[in-house]
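Novice:
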Amino acid sequence: MDHQQGDHGQGQHQLPGCYRHRERETGISCTRCERPICPECMISASVGYQCPECVREGSGTGHSPSANQPRTVAGGLLVSDTRLVVKILLAINVTVFVAVLAVGDDLVSRLAMIGYAIDPGTFSMVGVADGQWYRLVTSAFLHQEFWHIGFNMMALWFLGPPLEQALGRLRFITLYLLSALGGNVLTYWLMAQNVLSLGASGAIFGLFGATAVLMRRMRSDMRPIAVLLGINLVITFLPGLNIAWQAHLGGLIVGAVVAYALVHAPRQSRTAVQYGTCLAVLALLLVACVVRTSILLG
């Protein structure tokens, strides 16, 4: 038996309308601001439901205000300037390069990567094995030739922003620094200990590896990055160019491994997987340095 309902006049409404969708009647209100909210707008809180504005303000949910903001594929926050970290890295590299031009080779000899050798000026031992561990990082911001810094900074400018946007600023700088460290650690193991090595190439190759991983994750056309990476690898191993292939290879491997963890971490345990992987990579690199140092000093 059909039941026929009479028309409701404007004065017969028993329930208020949602504050965002006035045409939708609702008996639910935000537990904080008490505005009426429809099922589409209500967000479960510790007690009852809250409206989107109160949730964004971090009010009463137990989460920070950023908890409900849009996230990137790696869980980073969306930002308007996706080149901020890239600009800072560029500024640091250029500033150090200008300092090298002003001071000369003395700054290079103090900051460049070198394993264990005799300083011809003081006849004392220098290098990572002598306790100068800072060289594993400072050398990645050091350049002597215009073509060298020009190539690396151009690559950083083109590869960096898409990664910074996809990963988020903190994850991007972590990827960059770990790649630089990975390149220098492999250099520490495989290059002659009395040969200076410098440049951001290890970090740049880490960005190459990360870009390939990200493009595969997003199911983009892999051919452009594959060709570009292939060309750079061929140049790396060409004889007579005096290129530290160890730094390139180490940075590439570390960048790819870290990026894979960043973009493939399961959402429910994303933070633990990402931080855990980065810390594990850092620990592995530090252990490798300790072992190499003990071999050189033994």
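In our numbering, the protein residues as written are 9 to 306. For each residue, glycine too, the CB sits at the ideal point set by N, CA and C.
(1) Around the Cβ of A291, are there at least 16 other Cβ atoms within 10 angstroms (buried) or fewer (exposed)?
(2) Tell me the rounded alpha-carbon separation between V266 and A280.
(3) How many angstroms separate the CA atom of I181 from the CA atom of A125?
(4) I need the straight-line Cα distance from L1 to V145, nearest angstrom please.
(5) Quick one: residues in its chain with C-beta nearer than 7 angstroms to the C-beta of P169, no 5 flanking neighbours on either side, listed in chain order?
(6) By DSSP, does L287 sit in helix, in strand, or in coil?
(7) Distance check for L183 and G176, CA to CA, integer angstroms please.
(8) If we count the other Cβ atoms within 10 Å of its Cβ and call it buried at 16 or more, is E172 buried or exposed?
(9) So, under 8 angstroms CB-CB, F213 and L260 are touching, yes? Tell me the CB distance rounded to an integer number of Å.
(10) Ignore the nearest five residues each way along the sequence and tell me which others in T219's own chain have a CB closer than 6 angstroms to its CB.
(11) Between L97, R28 and N240, which has its C-alpha nearest E61's C-alpha?
(12) Please confirm if the region 190 to 207 is in contact with the region 129 to 147, defined as three or more CB-CB distances below 8 angstroms between the two stretches.
(13) Considering only DSSP beta bridges, list what V134 is partnered with.
(14) Give me, in chain order, the residues of the same chain whose beta-carbon lies closer than 7 angstroms to that of A107; leave out the 5 immediate sequence neighbours on both sides.
(15) Grab the span of the alpha helix (DSSP H) containing F213 for me, first residue to last.
(16) Rounded to a whole number of angstroms, what is the C-alpha to C-alpha distance between H21 and T39?
(17) Could you tell me which whole alpha helix (DSSP H) segments of length 4 or greater appear in the region 140 to 204?
(18) Within 10 Å of its beta-carbon, does P274 have 16 or more other beta-carbons around it, so buried, or fewer, so exposed?
(19) Does the beta-carbon distance from G263 to S205 come in below 8 angstroms?
(20) So, for V271: in the same chain, excluding its five sequence neighbours on each side, which residues have a beta-carbon less than 8 angstroms away from its beta-carbon?
(21) Determine which residues share a DSSP beta bridge with Q58 and list them.
(22) Give a yes or no on whether the C-beta atoms belonging to G150 and L198 are separated by under 8 angstroms.
(23) On a CA-only basis, which of L287, F105, N240 and W165 is nearest A148? Give me that one, please.
(24) Going by CA-CA distance only, name the one from N250, F216 and G248 that's closest to N240.
(25) Determine the direct distance from the alpha carbon of A137 to that of V102, and round the result to whole angstroms.
(26) How big is the Cα-Cα spacing for A255 and T130?
(27) Using 7 angstroms as the cut-off, classify the Cβ of R275 as near or not near the heavy atoms of the ligand ATP, replying yes or no.
(28) Using a beta-carbon distance below 8 angstroms, is E172 in contact with chain C?
(29) Name the DSSP beta bridge partners of E33, please?
(30) Can you give the beta carbon distance from G84 to R179, rounded, assuming they're within the 8 angstroms contact cut?
(31) Buried or exposed: which applies to W253, given that a residue is buried once 16 or more other Cβ atoms fall within 10 Å of its Cβ?
Specialist: In this structure, then:
(1) Counting Cβ neighbours within 10 Å, A291 comes out exposed, since fewer than 16 surround it.
(2) Near 13 angstroms, if we compare the C-alpha coordinates of A280 and V266.
(3) About 31 angstroms.
(4) Look at the range of the chain in this structure, 9 to 306, and you will see that residue 1 is not part of it.
(5) So the list reads T90, R91 and V94, once near-sequence residues are dropped.
(6) Helix.
(7) Taking the Cα positions, G176 is about 11 angstroms away from L183.
(8) It is buried - the Cβ of E172 has at least 16 other Cβ atoms within 10 Å.
(9) Contact flag correct, Cβ pair sits at about 4 angstroms.
(10) Counting only Cβ-Cβ distances below 6 angstroms, and skipping sequence neighbours, we find L167 and I233.
(11) Here the closest residue by C-alpha is R28.
(12) Two segments are said to touch when three or more pairs of C-beta atoms, one from each, lie closer than 8 angstroms; by this definition the region 190 to 207 touches the region 129 to 147.
(13) Answer is A125.
(14) Excluding positions up to five away in sequence, the list reads L115.
(15) It spans S209 to R225 - the alpha helix (DSSP H) in which F213 sits, taken as one unbroken run.
(16) Residue placement at H21 is flagged as unreliable, the pLDDT there being 47, under the threshold of 50; a coordinate-derived value is accordingly withheld.
(17) Correct list: 143 to 146, 154 to 175 and 177 to 198.
(18) Its Cβ having fewer than 16 others within 10 Å, P274 is exposed.
(19) Not closer than 8 angstroms, so no.
(20) Excluding positions up to five away in sequence, the list reads V81, A82, A174, L175, V221, L222 and R225.
(21) Answer is I51, bridged to Q58.
(22) For clarity, residue 150 is Leu in the given sequence; the question names Gly instead. The criterion of a C-beta distance shorter than 8 angstroms is not satisfied by L150 and L198.
(23) Nearest Cα to A148 within the set L287, F105, N240 and W165: F105.
(24) Of the listed residues, the one whose Cα sits closest to N240 is F216.
(25) Rounded to the nearest whole angstrom, the C-alpha separation of V102 and A137 is 28 angstroms.
(26) Computed Cα separation, rounded: 28 angstroms.
(27) Annotation note on the ligand ATP: not contained in the displayed structure, which lists no ligands.
(28) Among the chains in the structure shown there is no chain C, since it carries only a single protein chain.
(29) According to DSSP, E33 shares a beta bridge with G25.
(30) Rounded, the Cβ-Cβ distance is 6 angstroms, consistent with contact.
(31) Classification for W253: buried.
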